[in-house]
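First residue of the sequence shown? That's 386 in the numbering used here, and the numbers climb one at a time after it. To keep things clear, I will list the structure first and then write my remarks on it.
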Amino acid sequence: DQREEDAFVASDFIWAKETVSKETAGEVALHFSHRMSRIVVELSPGEGMGSLQDAEVQIACVGKDALVNLQTGGIRLQPGSEDVRILPRQLADGRFEALVPPQFVGAAERLIQVSWDGKTWSWVTPVGGCTFQAGETKTFHLILEDK
């Protein structure tokens with residue numbers, strides 16, 4: 386559940402490494418990078434639909450537990466942690482974000498689920514699946530149609 390800012394921030398992992406010697410004097414600059422992958426969902430109402438202010442979004446079919454190599458900053462999904470649902474943080478009306486470990490989600494998975502006004506929509510991964518990489522943001526622009 387990343388709906389609260391504290392939970393969202395706690396889901397992040399930033400990493401830096403700098404090699405220094407005994408002769409290094411003074412401050413050492415560390416250049417941090419995000420090692421998780423960020424998913425952004427932007428919802429737009431279709432023709433004739435009202436505000437999506439009360440929409441609820443879930444990120445499904447992903448793994449949330451990861452193993453971290455502190456020496457390299459590498460992250461890999463922990464086996465058996467797949468197929469959970471993440472409740473993303475809402476940024477603004479119709480805009481949500483969540484952090485997930487780097488991973489591949491196979492084809493035909495209901496990755497994003499949106500509930501609003503008693504209806505549910507799903508965004509299904511394409512034929513080639515969907516890869517989430519460390520430090521990357523993938524934005525999904527979804528237009529909800531009431532058909």
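Note that the Cβ used here is the ideal one computed from N, Cα and C, for glycine as well. Just so it is clear, the structure is predicted and the values come from calculations on it, not from any experiment.
For S500, same chain residues with a beta-carbon under 6 Å away, outside a window of 5 residues either side, are E441 in chain order. Going by DSSP, F481 is part of the beta strand (DSSP E) stretching over 480-485. Relative to S507, the option among Q463, G520, Q488, A493 whose CA is nearest is A493. By the CB criterion at 8 Å, P486 and G448 fall inside the cutoff.
Straight through space, the alpha carbons of I399 and E412 are spaced by roughly 20 Å. Within the stretch 433-465, the complete beta strand (DSSP E) segments at least 3 residues long are 441-447, 451-453, 460-462, listed from N- to C-terminus. Contact between E467 and V425 fails: their C-beta atoms lie close to 21 Å from each other, not under 8 Å. Per DSSP, V394 is not a residue of any beta strand (DSSP E); the alpha helix (DSSP H) it occupies stretches across 390-395. Around the beta-carbon of S436, fewer than 16 other beta-carbon atoms lie within 10 Å, marking it exposed. In this structure, the CA atom of K402 is about 10 Å from the CA atom of S418. Non-local C-beta neighbours of T524 in its own chain, meaning closer than 6 Å and more than five positions away in sequence, comprise V425, ordered along the chain. The DSSP-derived three-state label of R420 is coil. Looking at the DSSP output, S429 bridges to I528. The Cβ atoms of Q475 and R420 lie no closer than 8 Å to each other. If the five residues before and after C446 are omitted, its C-beta is found closer than 7 Å to the C-beta atoms of D468, V490, E494, R495, L496, all from its own chain and listed in chain order.
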